[in-house]
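Chains as they are written, first to last, in the working numbering: chain A, 11 to 179; chain B, 9 to 176.
Structure (structure tokens):
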């Protein structure tokens, strides 16, 4: 059995919210298209000509994409962190071959592995997806050591019915 | 103690998705701007047919319809990917806890896990965060009395925000 005691911080939630937003393939394509469209325009604006009409619309686009969206994401993450009571207390995760058990001061939850939709790993956390939208994530900083991370990875990898995207298994 | 056996259907989940969408402040602001502009355009055409249709007249309903369609597609895909939604779930509400049990999961939640409870025409929505919730279809209640008992239990929690329908 693997036992992990985690404290989820605002920084974790902010990082997760940004990661979740900017790794969506549709949004990545839109960002790249806007970048391709705005870089030549910026070059033209700054170094050659000046057209007030293009100027206004392009600046609105740039401010929205690169300032308002990040601010909105930060505020959203802060709201989620503040409103989620379980983040304010330590959460204990227990994994064994059959079940995942999550215990906090407000709830105790256990479920079979096959109820998971997907498990993904990033540099900072493991994400357990219950469906395409709902996830529970464990910061890697909560693991005792690299061996425990590897042990968890092996356990997840042994669950063939669950989609997974892990680092070297 | 109140016991309910419930299975969420796609229609219930879709209802929740649209409910969530229409309660967002940005949707309210958008509709607040959109409806007067559309009314103004309709008025202009009714007064002077040759005035033509403004571009905004096409864009605003277009954005709104695309949003509605994308919510439907997303709801369908989320519902399909959620194995827990496809099982019969037994809920037991007591003074201190809510117990949830199905074939694949078991939970014990204190009432203070929830930030708000909202009742709609079809659902009781127990929000655990601003983005996630426990959904109980009203069709699962065997009697009106049971539903009223649950309302009374929710109302008895002073710390819990709620927006419930008035008793029948």
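Each residue gets a CB set at the ideal place from its N, CA and C atoms; glycine is no exception.
Please read these numbers as outputs of a predicted model, since none were measured by experiment.
For this session: Report, in whole angstroms, the separation of the C-beta atoms of residue 144 (chain A) and residue 115 (chain B), which I expect to be a contact under 8 Å.
Result: Contact flag wrong, Cβ pair sits at about 14 Å.
Problem set entry | Counted within 10 angstroms of its Cβ, other Cβ atoms place residue 141 (chain A) as buried (16 or more) or exposed | buried
Problem set entry | Through-space distance from residue 139 (chain A) to residue 146 (chain A), alpha-carbon basis | Taking the Cα positions, residue 146 (chain A) is about 7 Å away from residue 139 (chain A).
Exercise. Distance, Cα to Cα, residue 53 (chain A) vs residue 45 (chain A)?
Worked result: 12 Å
Problem set entry | DSSP state of residue 167 (chain B) mapped onto helix, strand, coil | coil
Exercise. Within this structure, are the beta carbons of residue 113 (chain B) and residue 132 (chain B) separated by less than 8 Å?
Worked result: no
Exercise. Between residue 11 (chain A) and residue 106 (chain A), which are expected to be in contact by the criterion C-beta below 8 Å, what is the C-beta distance as a whole number of angstroms?
Worked result: 5 Å
For this session: Please look up how many angstroms separate the CB atoms of residue 151 (chain B) and residue 89 (chain A), rounded, as I've assumed it's under 8 Å.
Result: Wrong, their Cβ atoms sit about 38 Å apart, outside the cutoff.
For this session: For residue 45 (chain B), write down the residues that DSSP places opposite it in a beta bridge.
Result: Residue 45 (chain B) is not bridged by DSSP to any residue.
Exercise. Closest Cβ-Cβ distance between residue 168 (chain B) and chain A: below 8 Å?
Worked result: Contact of residue 168 (chain B) with chain A is not assigned, every C-beta pair being separated by 8 Å or more.
Problem set entry | Neighbour flag for residue 139 (chain B) against chain A, beta carbons, 8 Å | Yes, its Cβ sits closer than 8 Å to a Cβ of chain A.
For this session: Scan the stretch 144-157 of chain A for residues whose Cβ lies nearer than 7 Å to a Cβ of chain B and list them as they occur along the chain.
Result: 144
Problem set entry | Beta-bridge partners of residue 134 (chain B), as assigned by DSSP | B:125, B:142
For this session: Return the bridge partner residues of residue 11 (chain B) from the DSSP annotation.
Result: B:100
For this session: Compare the C-beta of residue 142 (chain B) against all C-beta atoms of chain A and say whether one is closer than 8 Å.
Result: Using a Cβ-Cβ cut-off of 8 Å, residue 142 (chain B) does not count as an interface residue toward chain A, since no Cβ of chain A sits closer than that to its own.
Exercise. Under 9 Å Cβ-Cβ, which residues of chain A neighbour residue 55 (chain B)?
Worked result: Chain A residues near residue 55 (chain B): none, gap ~31 Å exceeds 9 Å.
Exercise. In three-state DSSP terms, what is residue 145 (chain A)?
Worked result: Three-state DSSP puts residue 145 (chain A) in a strand.
Exercise. Can you name the residues that DSSP bridges to residue 129 (chain A)?
Worked result: A:138, A:174
Problem set entry | Cβ contact check for the stretch 75-89 of chain B and the stretch 164-171 of chain A: 3 or more pairs under 8 Å | no
Exercise. What are the boundary residues of the alpha helix (DSSP H) that includes residue 113 (chain A)?
Worked result: Per DSSP, residue 113 (chain A) belongs to no alpha helix (DSSP H); it is in the beta strand (DSSP E), 109-113.
Exercise. What is the DSSP secondary structure of residue 54 (chain B), reduced to helix, strand or coil?
Worked result: helix
For this session: Check the Cβ-Cβ distances between residue 178 (chain B) and every residue of chain A, and say whether any is below 8 Å.
Result: For chain B, the structure presents residues 9 to 176; residue 178 (chain B) sits outside this window and is missing.
Exercise. Between residue 44 (chain B) and residue 119 (chain A), what straight-line distance do the alpha-carbon atoms span, to the nearest angstrom?
Worked result: 48 Å
Problem set entry | Cross-chain neighbours of residue 39 (chain A) in chain B, by beta carbon under 9 Å | Chain B residues near residue 39 (chain A): none, gap ~15 Å exceeds 9 Å.
For this session: Return yes when the Cβ of residue 29 (chain B) is within less than 8 Å of the Cβ of residue 74 (chain B), no when it is not.
Result: no
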